[in-house]
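In my numbering, the protein residues as written are 739 to 1068. We put the CB at the ideal spot given by N, CA and C, even for glycine. Each remark here refers to the structure printed beneath this line.
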Ligand code: URA
């Protein structure tokens, strides 16, 4: 049997009537399809998806960095059976106009709940719920981040940086890491944990088998406290509702609290040494308290503690991994 390998995307838009997906129709075909096509030799799946989207819809989009899924089906081509694997990414369309290619005769923005009926490949029916779930999380996080980033403008005497540093990672991550507050590098690059303590954290996430790309990474306070001071009680209280909302969007199975500020803000625990190295359950989430990587930079001999706490999280994740044949979070 011949094998074929394609890449494409689920492109959605959101308006007051809800979420709809972009479907394309070819001459002589009853059913609709997604923008997709062959991955050329030497081409990455992402590059192939972006090229096909541009060629087939005229849209220039950004693929969501942490989501991809795949479908597999077998079809007949001139009496030959073909096994086809399709890698699908997710992207949001702005207000750009769709311009279909010559091989298509029509396009449709289809309400997400009705798309399964119209699509050519019924394998899509299995993955649409996961796609819908990810889109909902993205939209909620987008709203949250817009509100959170406007906080400095609404508070008299604001004394943190005014630059908002959003959380980063898959919105359906099974594990979330919560630090204290961004540092000077994070303030410049608007990304969490990308300075020296971030490099150490990334290394230990790799070594523990979790992998940075599989964790949602954020901090109790998402604005840099000048001179790297600790955020005050009032600042933490102001930011706390936003971290609660992030927890309810991501719905992680495990949360690693990095350092005393996070342990105190989230679980009311004052001591790291009394509470680290074990799992604590609270409201259906399992927490692991551990040292902040910046504390390891000051006392490198303690690295083994952060490492073993991340290894504990990694073992737990492996223990109750839910297998899902259709979805792979890259
Ligand atoms: N330390 C934190 O606690 N958060 C960051 O984002 C960076 C460093």
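{"Check": "Specify, as a first and last residue, the run of the beta strand (DSSP E) that residue 1020 falls within.", "Outcome": "1018-1020"}
{"Check": "So if DSSP puts residue 746 in a beta bridge, which residue, or which two residues, is it bridged to?", "Outcome": "774, 826"}
{"Check": "Report yes if the C-beta distance between residue 1010 and residue 1029 is below 8 Å; otherwise report no.", "Outcome": "yes"}
{"Check": "Enumerate in chain order the residues of its own chain whose CB-to-CB distance from residue 958 is below 8 Å, with the five nearest sequence positions on each side excluded.", "Outcome": "916, 917, 918, 919, 969, 974, 977, 978, 981, 999, 1000, 1003, 1004"}
{"Check": "According to DSSP, which residues form a beta bridge with residue 914?", "Outcome": "954, 993"}
{"Check": "Measure the alpha-carbon distance for residue 1036 versus residue 1013 and round it to whole angstroms.", "Outcome": "21 Å"}
{"Check": "Check whether the Cβ atoms of residue 834 and residue 788 lie closer than 8 Å to each other.", "Outcome": "no"}
{"Check": "Helix, strand or coil for residue 932 per DSSP?", "Outcome": "coil"}
{"Check": "How about residue 777 and residue 821: do their beta carbons lie closer than 8 Å?", "Outcome": "no"}
{"Check": "Any chance the CB of residue 931 is under 7 Å from a heavy atom of ligand 1?", "Outcome": "yes"}
{"Check": "Hey, how far is the Cα of residue 1022 from the Cα of residue 983?", "Outcome": "15 Å"}
{"Check": "Which parts of the segment 836-871 are runs of the alpha helix (DSSP H), unbroken and 4 residues or longer, counting only runs that do not cross its ends?", "Outcome": "850-856"}
{"Check": "For a test of your reading of the model: does the CB of residue 996 fall under 7 Å from any non-hydrogen atom of ligand 1? Yes or no.", "Outcome": "yes"}
{"Check": "When you compare the segment 1043-1058 with the segment 933-952, are there three or more beta-carbon pairs, one atom per stretch, that lie closer than 8 Å?", "Outcome": "yes"}
{"Check": "Which one or two residues does DSSP pair with residue 759 in a beta bridge?", "Outcome": "750, 848"}
{"Check": "What residue range does the alpha helix (DSSP H) around residue 890 cover?", "Outcome": "889-892"}
{"Check": "Give me, in chain order, the residues of the same chain whose beta-carbon lies closer than 7 Å to that of residue 1020; leave out the 5 immediate sequence neighbours on both sides.", "Outcome": "1005"}
{"Check": "Could you spell out the range, first to last residue, of the beta strand (DSSP E) harbouring residue 814?", "Outcome": "801-815"}
{"Check": "For the beta strand (DSSP E) containing residue 1024, list its first residue and its last residue.", "Outcome": "1023-1028"}
{"Check": "So, are the CB atoms of residue 858 and residue 770 less than 8 Å apart?", "Outcome": "yes"}
{"Check": "Whose C-alpha, out of 748, 935, 767, is nearest the C-alpha of residue 758?", "Outcome": "748"}
{"Check": "Using a Cβ-based criterion (distance less than 7 Å to any ligand heavy atom), does residue 904 qualify as near ligand 1?", "Outcome": "no"}
{"Check": "Using the C-alpha atoms, what's the distance from residue 902 back to residue 1064?", "Outcome": "Low local confidence applies: a pLDDT of 38 at residue 1064 is under 50, so the model's placement there is unreliable, with the coordinate-based value given in what follows. Rounded to the nearest angstrom, the two C-alpha atoms are 35 Å apart."}
{"Check": "For the candidate residues 913, 897, 988, 992, whose alpha-carbon lies nearest to that of residue 962?", "Outcome": "897"}
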